[in-house]
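Position 955, counted from 1, in the sequence shown is what numbering that gives the first Met the number 0 calls 954; the numbers after and before it change by one each time, with no gaps.
Where is the CB? At the ideal position from N, CA and C, for every residue including glycine.
Just so you know, these numbers come straight off a predicted model, no measurement behind them.
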Amino acid sequence: MLLGLKRHYKKRCQGRTRKHVGDLCLQAGMLQDALVHYHVAVELLRSVNDFLWLGAALEGLCSASVIYHYPGGTGGQSGARRFLGNSPADAANRHRPGAQEVLIDPGALTTNGINADTSAEIGRAKNCLSPEDIVDRYKEAISCYSKYKNAGVIELEACVKAVRILAIQKRSMEASEFLQNAVYINLRQLSEEEKIQRYSILSELYELIGFRRKSAFFKRVAAMQCVAPSIAEPGWRACYKLLLETLPGYSLSLDPKDFNKGTHRGWAAVQMRLLHELVYASRRMGNPALSVRHLSFLLQTMLDFLSDQEKKDVTQSLESYTSKCPGTMEVITLPDGLTLLPVPFTKLPIVRRVQLLNLPTSLRPQKMKSLLGQSVSAKSPFIYSPITAHSRGEERSKKIDFQWVQGDVCEVQLMVYNPMPFELRVENMGLLTSGVEFESLPAALSLPAESGLYPVTLVGVPQTTGTITVNGYHTTVFGVFSDCLLDNLPGLKTSGSSVEVIPALPRLQISTSLPRSAHSLQPSSGDEISTNVSVQLYNGETQQLIIKLENIGMEPLEKLEVTSKMLTTKEKLYGDFLSWKLEEARAQLPLQPGEVATITVSIRAKLDFSCQENVLQDLSDDGISVSGFALCSPFRQVVRPRADGKPASAPEGGRPGDTSQAKTLEAVLSFKYSGGPGHAEGYYRSLALGLHVEVEPSVFFSRVSTLPATSTRQCHLLLDVFNCAEHELTVRARSSEELTLHPGECQRMAIQVDKFDFESFPESPGEKGQFANSKQLEEERQAARSLEINGKLGIRWGLAHPSLKRTGEASVEGLLSQPVLEQLQLAPLQWDVLVDGQPCDREAAACRVGDPVRLEVRLTNRSARSVGPFALSVVPFQDHRNGVHSYDLHGAVSFVGSSTFYLDTVQPSGQSACLGALLFLHTGDFSLHIRSQADGKSKELPRSWLCLPGVRVRALEAQA
Numbered sequence: 000m001l002l003g004l005k006r007h008y009k010k011r012c013q014g015r016t017r018k019h020v021g022d023l024c025l026q027a028g029m030l031q032d033a034l035v036h037y038h039v040a041v042e043l044l045r046s047v048n049d050f051l052w053l054g055a056a057l058e059g060l061c062s063a064s065v066i067y068h069y070p071g072g073t074g075g076q077s078g079a080r081r082f083l084g085n086s087p088a089d090a091a092n093r094h095r096p097g098a099q100e101v102l103i104d105p106g107a108l109t110t111n112g113i114n115a116d117t118s119a120e121i122g123r124a125k126n127c128l129s130p131e132d133i134v135d136r137y138k139e140a141i142s143c144y145s146k147y148k149n150a151g152v153i154e155l156e157a158c159v160k161a162v163r164i165l166a167i168q169k170r171s172m173e174a175s176e177f178l179q180n181a182v183y184i185n186l187r188q189l190s191e192e193e194k195i196q197r198y199s200i201l202s203e204l205y206e207l208i209g210f211r212r213k214s215a216f217f218k219r220v221a222a223m224q225c226v227a228p229s230i231a232e233p234g235w236r237a238c239y240k241l242l243l244e245t246l247p248g249y250s251l252s253l254d255p256k257d258f259n260k261g262t263h264r265g266w267a268a269v270q271m272r273l274l275h276e277l278v279y280a281s282r283r284m285g286n287p288a289l290s291v292r293h294l295s296f297l298l299q300t301m302l303d304f305l306s307d308q309e310k311k312d313v314t315q316s317l318e319s320y321t322s323k324c325p326g327t328m329e330v331i332t333l334p335d336g337l338t339l340l341p342v343p344f345t346k347l348p349i350v351r352r353v354q355l356l357n358l359p360t361s362l363r364p365q366k367m368k369s370l371l372g373q374s375v376s377a378k379s380p381f382i383y384s385p386i387t388a389h390s391r392g393e394e395r396s397k398k399i400d401f402q403w404v405q406g407d408v409c410e411v412q413l414m415v416y417n418p419m420p421f422e423l424r425v426e427n428m429g430l431l432t433s434g435v436e437f438e439s440l441p442a443a444l445s446l447p448a449e450s451g452l453y454p455v456t457l458v459g460v461p462q463t464t465g466t467i468t469v470n471g472y473h474t475t476v477f478g479v480f481s482d483c484l485l486d487n488l489p490g491l492k493t494s495g496s497s498v499e500v501i502p503a504l505p506r507l508q509i510s511t512s513l514p515r516s517a518h519s520l521q522p523s524s525g526d527e528i529s530t531n532v533s534v535q536l537y538n539g540e541t542q543q544l545i546i547k548l549e550n551i552g553m554e555p556l557e558k559l560e561v562t563s564k565m566l567t568t569k570e571k572l573y574g575d576f577l578s579w580k581l582e583e584a585r586a587q588l589p590l591q592p593g594e595v596a597t598i599t600v601s602i603r604a605k606l607d608f609s610c611q612e613n614v615l616q617d618l619s620d621d622g623i624s625v626s627g628f629a630l631c632s633p634f635r636q637v638v639r640p641r642a643d644g645k646p647a648s649a650p651e652g653g654r655p656g657d658t659s660q661a662k663t664l665e666a667v668l669s670f671k672y673s674g675g676p677g678h679a680e681g682y683y684r685s686l687a688l689g690l691h692v693e694v695e696p697s698v699f700f701s702r703v704s705t706l707p708a709t710s711t712r713q714c715h716l717l718l719d720v721f722n723c724a725e726h727e728l729t730v731r732a733r734s735s736e737e738l739t740l741h742p743g744e745c746q747r748m749a750i751q752v753d754k755f756d757f758e759s760f761p762e763s764p765g766e767k768g769q770f771a772n773s774k775q776l777e778e779e780r781q782a783a784r785s786l787e788i789n790g791k792l793g794i795r796w797g798l799a800h801p802s803l804k805r806t807g808e809a810s811v812e813g814l815l816s817q818p819v820l821e822q823l824q825l826a827p828l829q830w831d832v833l834v835d836g837q838p839c840d841r842e843a844a845a846c847r848v849g850d851p852v853r854l855e856v857r858l859t860n861r862s863a864r865s866v867g868p869f870a871l872s873v874v875p876f877q878d879h880r881n882g883v884h885s886y887d888l889h890g891a892v893s894f895v896g897s898s899t900f901y902l903d904t905v906q907p908s909g910q911s912a913c914l915g916a917l918l919f920l921h922t923g924d925f926s927l928h929i930r931s932q933a934d935g936k937s938k939e940l941p942r943s944w945l946c947l948p949g950v951r952v953r954a955l956e957a958q959a
């Protein structure tokens with residue numbers, strides 16, 4: 000037995016000696032001798048079950064084989080942990096009994112002559128382990144170390160070496176098994192620094208084999224170990240640094256732009272936990288700005304993964320931090336050189352659409368039209384250039400086709416959404432621009448919880464001219480100031496971000512003497528009306544509209560033009576609906592800022608005064624005769640009240656065409672103005688005033704006819720006038736008495752007028768042009784004659800109610816038919832009859848019985864043709880005023896000579912006369928009827944040309 004123990008002890012000593020010699024050979028660079036000694040040592044130690052030294056021998060054998068297979072070292076060029084062998088002190092610290100790790104440079108091997116010995120190289124190759132055997136021997140060595148409780152450090156180091164070898168061999172799964180075994184190795188009484196180093200090394204090894212998430216996990220464990228409760232002075236800076244190193248392992252980047260690229264990467268829950276730990280560590284470091292930056296990053300990037308309660312907690316914490324240190328857009332640089340980019344809150348609120356708004360219609364600038372048109376650039380002498388057209392097409396893709404004006408408030412509309420489960424207050428929200436000096440006017444808003452799309456308008460004032468680009472907007476949310484650029488907003492819709500700013504223009508504000516209207520006019524051109532006014536007028540009434548234009552801008556008003564346009568065309572309108580004079584307003588130009596210009600506009604509502612057929616029928620049904628008047632008396636009045644007491648101005652049913660219903664007239668007054676630098680560049684503005692006029696019926700004429708007067712130069716115009724108003728009114732003409740009409744009453748009005756010489760009327764505008772047919776020309780002539788006649792008549796009405804002092808014009812335009820116009824026309828053949836040399840067409844001539852009376856007939860030819868000859872027969876008679884005429888006057892009247900007068904042919908503009916005499920034998924009133932008989936061509940003349948005035952002669956007693 001003692002012999003056996005001695006033999007066992009001897010082998011153990013020999014094996015250990017061989018292992019020790021192998022270590023020395025390995026340190027001396029004698030790789031072949033080391034391999035031989037390690038092999039012998041392994042055999043000897045395995046036979047005596049000396050597991051601790053057996054593991055060391057196996058580890059030495061593996062180290063020598065690694066040097067042969069991987070002369071570059073197990074650290075490679077990836078920067079893994081390397082043991083430096085230059086310092087003897089370092090080598091002594093790393094030396095442990097039974098285990099060495101030596102990394103020999105290939106150049107050193109060449110220096111010692113090892114590579115030059117070919118036989119040695121062959122022998123070394125036989126003793127060297129293959130790459131697969133190296134891993135197996137490491138497993139066996141680790142198994143041997145595990146049999147001893149106090150060999151944990153050696154076992155851990157062997158695992159680390161095996162992992163490095165497997166990393167070179169790219170056998171990651173097997174390497175992870177070694178590392179997993181290393182995690183569970185029990186190392187007793189390790190200091191806190193050693194624990195941190197252990198977890199750090201594990202993290203590096205996992206990183207080496209490509210297990211980035213596990214590497215980050217152990218790096219985070221090492222960070223938490225830095226601030227363990229057992230440490231008197233926790234290392235928060237080291238903890239923060241290690242936590243930053245874990246970010247790549249969890250697919251977490253501190254650049255907010257990386258979270259706008261597609262779907263989210265990594266485990267959001269783990270990332271949020273890590274960000275919370277960064278916030279806490281930076282706060283314990285005493286760096287509040289860093290805490291605000293990380294918490295802002297957490298809220299911005301992880302908003303979609305936070306629960307409602309977590310959102311509230313994070314925002315409360317952020318508000319607490321920013322109350323001491325507000326969040327900024329400055330880049331934070333850490334002591335180790337790492338920079339933290341600013342975190343703009345592009346999700347608080349979320350912006351879905353950005354639209355640059357055009358100026359209001361009344362403030363939009365318009366370019367004056369040039370000879371070349373708008374599409375030609377004044378900077379190029381060529382009408383078309385393909386290069387220029389291509390560049391303009393690229394600019395148009397981002398540039399908007401309207402303009403802003405320098406000094407005017409401009410608007411940008413954002414469609415925003417509040418994703419938070421509580422009310423979101425956004426302060427100091429304004430625009431970020433470039434290209435033009437721009438004064439942003441910040442706004443503050445409060446968005447309801449999960450509000451959906453909500454419109455927000457941001458405003459500002461461009462101070463200079465040029466092309467302005469809206470790059471984004473800035474906000475202050477939860478105490479964090481953010482600059483949000485449009486390029487960084489995902490899912491954003493925009494129609495363009497650049498617009499041209501033109502030079503400043505004046506601004507006008509309009510006010511009128513009429514009340515504002517509830518009717519909003521809609522012109523067919525699509526133009527927007529800035530102000531709408533309304534007024535109620537009676538047909539034929541004229542009212543003055545006072546318009547005040549105040550210059551509320553900063554530039555003087557230098558040019559002003561006023562135009563009008565009718566919107567309603569179904570109603571026939573006579574005369575000018577709107578008229579004005581600009582001389583007084585233009586005399587005030589240039590209009591300085593703050594000054595007011597006044598323009599007076601006359602509104603004249605003159606529609607058709609004729610009666611519709613359905614109204615005539617209603618009047619006939621009510622017993623009022625409007626078409627069957629007897630014409631024997633020109634002043635006959637027919638007033639027959641309605642049986643039901645209803646006024647004729649309100650027939651039942653309200654049928655279309657009823658004159659009792661109010662009619663609507665709509666027009667637009669446009670004011671084009673310019674001034675200041677914008678005027679020099681050819682820009683102007685347009686201001687529109689909408690006018691809504693309700694036209695109530697006043698009077699209408701149901702019938703128009705004529706009666707001859709005593710003079711051939713005159714006639715009686717008969718008008719049947721009907722009162723459509725609800726009040727009593729009066730009607731009068733220039734040469735007639737005033738006529739009073741009650742509501743619903745119809746009366747005949749007779750106006751004695753001088754006949755008109757239509758040939759002397761001025762030529763109408765229609766006669767100067769060429770009409771398509773004669774009908775249009777005749778209608779134009781008839782309208783011009785009616786206008787002239789209406790002006791001479793001067794028919795006006797007035798409401799008789801004391802509180803309603805309203806008057807207007809009653810027009811016969813459109814009422815005078817062609818037969819009536821012929822009766823009002825002065826005949827080209829002018830007949831004059833003189834008794835004893837005195838005209839007698841108006842009053843009766845007086846003579847004495849027995850005295851001869853000289854009778855003279857004169858003819859003046861005003862036509863363009865020669866007329867005659869004529870035969871004039873004189874027939875005396877007596878009118879008994881009872882409808883009986885007595886022509887048997889042989890004993891009362893005697894002719895001196897013949898009773899027939901003869902006139903020769905009268906040339907154009909010529910005159911002719913014939914003379915005769917009568918002798919009255921008895922007293923009394925006599926009438927002379929002179930009849931003309933034309934000969935030859937004169938028979939073709941109209942009958943109205945051959946009408947001679949009647950003559951009345953009163954024969955008195957002869958003087959004694």
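Kindly indicate which residue of M428, S439 and E436 has the alpha-carbon position closest to the one of S445.
-> M428
Could you pull out every residue in the same chain whose Cβ sits closer than 6 angstroms to the Cβ of S865, ignoring the five residues on either side in sequence?
-> T904 and Q906
Segments of 4+ residues assigned as alpha helix (DSSP H) that fall wholly inside the region 17-81 | 30-46 and 50-68
Taking buried to mean at least 16 other C-beta atoms within 10 Å of its own C-beta, is S578 buried or exposed?
-> exposed
Comparing alpha-carbon positions, which option in V698, R702 and T711 lies nearest F721?
-> V698
Counting only the same chain and skipping the five closest in sequence on each side, list residues whose C-beta sits under 8 angstroms from that of T705.
-> C714, H715, L716, L717, V819, Q822 and L823
If we count Cβ pairs, one from each stretch, closer than 8 angstroms, do we get three or more for the region 324-338 versus the region 347-364?
-> The region 324-338 is not in contact with the region 347-364.
Excluding the five sequence neighbours on either side, which residues of its own chain have a C-beta within less than 6 angstroms of the C-beta of P228, listed in chain order?
-> none
What's the call for H678, buried or exposed, on a 16-neighbour Cβ count within 10 Å?
-> buried
Which value, in whole angstroms, describes the spacing of the CA atoms of R212 and S306?
-> 25 angstroms
Counting Cβ pairs closer than 8 angstroms, one from the region 155-166 and one from the region 212-222, do we hit at least three?
-> no
M565 lies in the beta strand (DSSP E); which residues open and close that run?
-> Taken as a continuous stretch (DSSP letters only), the beta strand (DSSP E) holding M565 covers K558 to M565.
Please look up how many angstroms separate the CB atoms of S563 and V667, rounded, as I've assumed it's under 8 angstroms.
-> 7 angstroms
Backbone secondary structure at I598 - three-state DSSP = strand
Thinking I134 and A161 are a contact (beta carbons under 8 angstroms), I'd like their distance in whole angstroms, please.
-> Per the sequence shown, the amino acid found at residue 134 is Val instead of Ile. Their Cβ separation, rounded to whole angstroms, is 6 angstroms, which keeps V134 and A161 in contact under 8 angstroms.
Report yes or no: do the region 482-494 and the region 522-537 share at least 3 C-beta pairs separated by less than 8 angstroms?
-> no
Check the DSSP bridge columns for P875 and list the partner residues they point to.
-> L927
Tell me whether I208 sits in a helix, a strand or coil according to DSSP, three-state version.
-> coil
Residue interval of the beta strand (DSSP E) (run including L243) | No beta strand (DSSP E) holds L243; the alpha helix (DSSP H) holding it covers W235 to T245.
Assuming Y672 and K558 make a contact with CB atoms under 8 angstroms, what is their CB distance in whole Å?
-> 6 angstroms
Beta strand (DSSP E) segment containing C913, residue limits | Q910 to F919
By Cβ distance below 6 angstroms, which residues in the same chain neighbour H928 in space, the five residues on each side in sequence not counted?
-> V874
Cα separation between S626 and L814?
-> Reliability of the predicted coordinates at S626 is poor, the pLDDT of 36 falling under 50, and the value obtained from them is presented with this limitation in mind. Each residue's Cα considered, the two are about 15 angstroms apart.
Terminal residues of the continuous alpha helix (DSSP H) containing E582?
-> E582 to R585
What runs of the alpha helix (DSSP H), each 4 residues or longer, lie entirely inside the region 149-199?
-> 151-167 and 171-182
Relative to the C-alpha of S516, which residue among L186, L60, L690 and T300 is closest?
-> L690
Hey, is the region 538-556 in contact with the region 593-607, meaning 3+ C-beta pairs nearer than 8 angstroms?
-> yes
Alpha carbon to alpha carbon, what distance is there between L728 and L917?
-> 52 angstroms
From I399, E855 and L358, residue whose alpha carbon lies closest to that of T456 | L358
Which residue comes first and which comes last in the beta strand (DSSP E) that contains N531?
-> T530 to Y537
Exposure label - E540; buried when at least 16 CB within 10 Å | buried
To the nearest angstrom, how far is it from the Cα of K366 to the Cα of G326?
-> Taking the straight line from one Cα to the other gives about 46 angstroms.
Top-ranked residue by Cα proximity to Q910, from D407, P868, D887 and L413 | P868
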